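See structure below.
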Amino acid sequence: MTRHFSVALLAAAALALGGCATAVPPVEVTRFHNNATAGLAPGTRYAVEVLPHGDASATGGAAQPSLEWNSYRIAVERQLQLLGFVAAPEGTAAPLKVRIAFDRNDRTPLAKRSPVSVGVGGSTGSYGSGVGLGIGINLGGGPKQMQDLQLSVRIDDAATGQALWEGRALSAVPVKAPAAQPSIAAAKLAEALFKDFPGESGRTISVP
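Residue numbers for the sequence shown follow our numbering, so the first one is 9 and each next one is one higher.
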């Protein structure tokens, strides 16, 4: 019986560790819109415009789409189409212009901590440091190298250039984690950004 109990504990521990290894960090989302539902009806056609790197509100400058940017474009278009919007054939006009940009920045690691430390309550920092959990555990090896990821999308009235809706999704992920892979990161950020579209204007929410 003891043997079976030990095997069950090991199996449970393995599942827990596997879940932690593949967990995707929460995403901070902020949206703004001006009577968005009036100009963003399902069935409306859209065209995607390439933006200068990292700024969805920019209106000028040339940019060449990268393979990583294409991952974000695919993820955003998937969410738009799930909402009922229709991609216009290439080279044709569309009532909506969608601008997509992303940023990926390395975060400077904090000073190396002691090999084993446990802090209860009052923990401060960004994702992975114990914020909101009440307890932070570091089992050595120093702090993880993190990256800040940001997806920005703006939807304009193509005829007037007026912004109908814009949003930003932010997350911080360990560099070597699966969540840092472009396809996974893009899908997660885009899904969070368009959750409950158009969202409450001016409010920042955290999407698990």
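The beta carbon of each residue, even a glycine, is placed where N, CA and C say it ideally should be.
In this text, all values refer to a predicted model and were calculated from it rather than measured experimentally.
Counting C-beta neighbours from all protein chains within 10 Å, is the total for P33 16 or more, i.e. buried, or is it exposed?
Buried, by the Cβ-count rule.
Tell me where the alpha helix (DSSP H) around S79 begins and ends.
Note, S79: alpha helix (DSSP H), 75 to 90.
If you count every other CB in all the chains shown that lies within 10 Å of the CB of G99, and 16 or more means buried, which is it?
That one is exposed.
Which of the three DSSP states, helix, strand or coil, is assigned to T45?
T45: helix per DSSP, three-state reduction.
Measure the beta-carbon distance from L75 to R112 and round it to whole angstroms, keeping in mind my assumption that it falls under 8 Å.
The pair is not a contact, with the Cβ atoms about 13 Å apart (cut-off 8 Å).
Using the Cα positions of D204 and V215, report the straight-line distance between them to the nearest angstrom.
Going from the Cα of D204 to the Cα of V215 covers about 11 Å.
Check each candidate in A188, L90, Q155, G169 and name the one with the smallest Cα separation from S79.
Answer by Cα proximity: A188.
So, for V94: in the same chain, excluding its five sequence neighbours on each side, which residues have a beta-carbon less than 8 Å away from its beta-carbon?
For V94, where only same-chain residues beyond five positions count, the Cβ hits under 8 Å are G51, T52, R53, Y54.
Work out the CA separation of Q153 and G47 for me, nearest whole Å.
Going by the C-alpha atoms only, they are around 42 Å apart.
If we call anything under 9 Å between Cβ atoms a contact, is N42 one with A171?
In contact: N42 and A171 (Cβ atoms closer than 9 Å).
Do you know offhand how far V37's Cα is from P103's?
Rounded to the nearest angstrom, the two C-alpha atoms are 26 Å apart.
In three-state terms, what does DSSP make of E199?
In the structure shown, E199 sits in a helix (DSSP, three-state: H, G or I).
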